[in-house]
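Everything on this sheet refers to the single structure shown next.
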DNA sequence: CCTCCAGATGCAATCGATTGTAAATTTATT
DNA sequence: AATAAATTTACAATCGATTGCATCTGGAGG
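Residue numbers (the UniProt record's numbering), protein chains in the order written: chain A, 1 to 334; chain B, 1 to 334.
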């Protein structure tokens with residue numbers, strides 16, 4: 001074995017052609033004859049040669065990578081354990097690799113205001129995906145004015161400048177509440193922190209449904225931001241509520257998961273005494289007892305739409321925002 | 001405002017110096033006078049100029065990015081919803097950005113054998129972190145022979161070639177079982193699929209503890225690979241076991257979370273009738289009812305160690321594998 | 001047998017920053 | 001004042017691939 005083939009020049013020498021020909025052969029251009037191309041490709045394979053992505057990126061002015069910005073949790077943990085994000089990342093990774101892009105992951109650093117500008121100026125990626133805009137809508141709009149290839153996951157609001165892809169949280173909330181009403185519930189409790197816009201929209205949906213049902217009322221219980229820490233608040237509500245609710249709409253499955261054992265420990269059966277609906281359709285929601293009725297967001301479709309929009313924008317086209325429909329999954333908890 | 005400053009040449013012209021000086025000033029080298037450097041830096045700031053990372057990478061032969069390989073789940077979902085990975089990614093992102101590296105995320109594509117080779121040859125990253133080696137130890141060893149900057153999270157086995165960082169699963173398993181024994185349990189059930197090496201080591205630890213206790217026995221119940229799907233198997237075991245176990249060691253918190261409602265629905269109280277220990281110390285384990293006793297892996301420390309090892313290796317130094325100690329967190333479930 | 005054309009290949013500039021070394025400038029020394 | 005020493009700055013090569021344009025080759029057509 002001779003010395004390692006590092007560059008297309010090495011390979012060109014081996015093949016007895018010029019570097020340009022090697023480059024074209026490996027890129028699959030039709031300017032080289034089929035047989036030469038084949039020979040070069042075989043040679044590259046044999047020597048385990050892959051052209052340097054960095055050099056290519058410099059020349060072609062394309063980065064071959066998409067930046068994905070996610071509110072990743074650590075000890076201080078906000079969404080730290082929400083499986084939703086993990087699933088989303090997985091789906092995005094699939095979509096992006098399929099289209100030949102790498103995935104550059106970034107943490108949001110909340111204490112710096114120019115995090116988005118910095119990302120854009122660093123120019124290491126062809127586009128940006130923002131997962132979980134929460135309350136950054138204004139920041140996104142500001143950047144969206146001058147930077148096209150950026151799409152955000154989450155709520156759609158009238159008047160926003162940036163492009164977003166997400167499910168219709170209002171509709172989802174209404175479906176959940178309506179389902180409880182259809183099952184005969186009349187005193188419905190909403191568990192969740194309405195500060196993030198997505199949650200507020202779900203609450204709005206629930207309000208709309210309840211307002212349309214005779215004799216029904218909605219009790220709104222703001223829980224802690226972090227689902228895991230909200231158990232105490234839920235317990236306090238359950239012990240003080242009089243009369244007790246006969247239906248619960250939890251703004252996320254994680255909250256429902258916290259609530260169910262609390263109900264059980266108070267001798268309340270699900271769905272006998274209280275019916276409960278979650279949101280997200282986490283995998284675990286299917287296997288707990290009783291299996292949880294929930295509103296499902298199709299994450300795979302969402303990820304595909306995100307990437308579609310982004311690629312269109314990378315090509316310079318404008319795209320509108322996408323609002324997907326959520327789906328009611330009925331299980332034993334109602 | 002004149003036309004956009006895109007390159008150091010543009011900036012050099014503005015500043016009335018050469019590109020080389022700009023480059024050095026921005027890089028903070030001491031070859032340029034302090035005042036010139038300051039002037040250039042101000043100018044760069046004013047024009048929102050950042051030197052191209054791609055060009056720099058090409059010249060310096062450094063990539064400024066670390067590849068993180070994770071078994072990301074999608075629909076077929078294996079670890080799809082395990083919050084452990086999300087937390088790990090978050091911690092790694094912190095450690096890496098702090099040290100000036102980007103995080104390039106990759107999905108494992110299980111059907112291709114050369115996934116690791118491809119990653120290495122693509123040469124887009126300075127090093128690789130493998131999270132969740134599961135059964136790929138041999139593949140890792142093969143690559144480790146020729147590729148230094150790679151560290152894997154997970155189990156350490158005698159004789160492995162590659163560098164790994166992880167907690168002592170044997171010790172963790174023994175601690176969990178010993179804790180149950182100390183609480184007076186004598187018929188202990190182990191719930192978990194022992195195929196992944198990490199789980200097998202936990203089982204081995206549990207065996208060792210039980211073997212050392214008079215009159216105690218260990219019942220090994222292999223559950224489904226995916227924690228979420230294992231409920232049926234656990235139920236089947238609970239209904240057939242005679243006598244019923246008085247202690248349960250779940251190989252992960254997720255499994256314990258599945259098991260607890262099953263126990264409750266059979267009229268078995270925790271910890272009155274059955275004590276139960278989990279593994280991982282997920283955030284939700286603290287807030288369920290009863291709060292779960294568990295074995296905690298310190299993910300933050302693990303992530304820091306992973307990055308430390310990797311950076312040493314990028315500098316060409318050898319490093320040994322690191323085995324961290326797990327910690328028993330006692331809560332109300334035992 | 002010569003010209004022409006199309007297809008295949010090579011030349012050389014280019015992407016944007018880094019850096020060894022040479023040149024220019026300033027400061028120190030006698 | 002003249003030279004040596006030290007400090008700044010500029011020149012130009014380099015990283016490795018891409019690509020417009022020029023060149024070469026071989027066969028068709030006249």
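Ideal Cβ placement from N, Cα and C applies to all residues, glycine included. Model, not experiment: these values are computed from the prediction.
- Along the segment 95 to 110 of chain A, the positions whose C-beta sits under 9 Å from a C-beta of chain B are 97, 102, 103, 104, 105, 106, 107 and 109, read in chain order.
- Taking a 10 Å sphere around the C-beta of residue 31(B), we find fewer than 16 other C-beta atoms and assign the residue as exposed.
- Around the beta carbon of residue 279(A), a 10 Å sphere encloses 16 or more other beta carbons of the protein chains shown; the residue is thus reported as buried.
- One Cα belongs to residue 238(A), the other to residue 296(B), and the distance between them is close to 31 Å.
- Using a Cβ-Cβ cut-off of 9 Å, residue 68(B) counts as an interface residue toward chain A, since at least one Cβ of chain A sits closer than that to its own.
- Each residue's CA atom was taken as its position, placing residue 22(A) and residue 40(A) some 7 Å apart.
- For residue 86(B), the nearest CB of chain A lies under 9 Å from its own CB, placing it at the interface with that chain.
- No Cβ-Cβ contact shorter than 9 Å links residue 244(B) with residue 270(B).
- The straight-line gap separating the alpha-carbon atoms of residue 67(A) and residue 47(B) is approximately 23 Å.
- At a Cβ-Cβ threshold of 9 Å, residue 183(A) and residue 247(A) count as neighbours.
- The C-beta of residue 58(B) comes closer than 9 Å to at least one C-beta of chain A.
- Taken atom to atom, the span from the alpha-carbon of residue 116(B) to that of residue 129(B) is near 11 Å.
- Distance check between residue 84(B) and each of 281(B), 195(B) and 152(B) places 281(B) closest, using alpha-carbon atoms only.
- By the Cβ criterion, the segment 183 to 194 of chain A is not in contact with the segment 159 to 171 of chain A, since fewer than three pairs of Cβ atoms, one from each stretch, lie closer than 8 Å.
- In this structure, residue 219(A) sits away from residue 262(A), with a CB-CB distance that is not shorter than 9 Å.
- If you check each beta-carbon in the segment 254 to 268 of chain B against every beta-carbon of chain A, the ones closer than 9 Å belong to 254, 257, 258, 260, 261, 262, 264 and 265.
- From the beta-carbon of residue 52(B), the residues of chain A found nearer than 7 Å are 123.
- Counting only runs that start and end inside the segment 215 to 245 of chain B, the beta strand (DSSP E) elements of at least 3 residues fall at 217 to 221.
- When only Cα atoms are considered, residue 152(A) and residue 201(A) end up about 17 Å apart.
- Here DSSP, grouped into helix, strand and coil, assigns residue 280(B) to strand.
- For residue 151(A), the uninterrupted beta strand (DSSP E) run begins and ends at 150 to 153, by DSSP.
- Look at the beta carbons and you see the segment 248 to 256 of chain A touching the segment 287 to 294 of chain A: at least three pairs across the two are nearer than 8 Å.
- Considering only beta carbons, the part of the segment 285 to 315 of chain B lying closer than 8 Å to chain A consists of 286, 287, 288, 289 and 300, in chain order.
- Taking all protein chains in view, the Cβ of residue 103(B) is crowded by 16 or more other Cβ atoms within 10 Å, so the residue is classified as buried.
- In the DSSP assignment, residue 141(A) forms no beta bridge with any residue.
- Inside the UniProt domain "HTH lacI-type" (6 to 60) of chain A, DSSP marks whole alpha helix (DSSP H) runs of 4 or more residues at positions 8 to 15, 19 to 27, 34 to 46 and 53 to 60, from first to last along the chain.
- With fewer than 16 neighbouring CB atoms inside 10 Å of its own CB, residue 60(A) falls in the exposed class.
- Of all residues in the segment 132 to 152 of chain A, none has a C-beta nearer than 9 Å to a C-beta of chain B.
- The beta carbon of residue 172(B) sits no closer than 9 Å to any beta carbon of chain A.
- Interface criterion met: the Cβ of residue 118(B) is under 9 Å from a Cβ in chain A.
- For residue 63(B), a Cβ of chain A is located within less than 9 Å of the residue's own Cβ.
- Only 48, 50, 52, 53, 54, 55, 57 and 58 from the UniProt domain "HTH lacI-type" (6 to 60) of chain B bring a Cβ to less than 7 Å from some Cβ of chain A.
- The DSSP-derived three-state label of residue 185(B) is coil.
- Here residue 204(A) is not near residue 249(A), since their CB atoms are 9 Å or more apart.
- Bounds of the alpha helix (DSSP H) holding residue 204(B) are 197 to 211.
- With a 10 Å radius around the Cβ and a threshold of 16 neighbouring Cβ atoms, residue 137(A) comes out buried.
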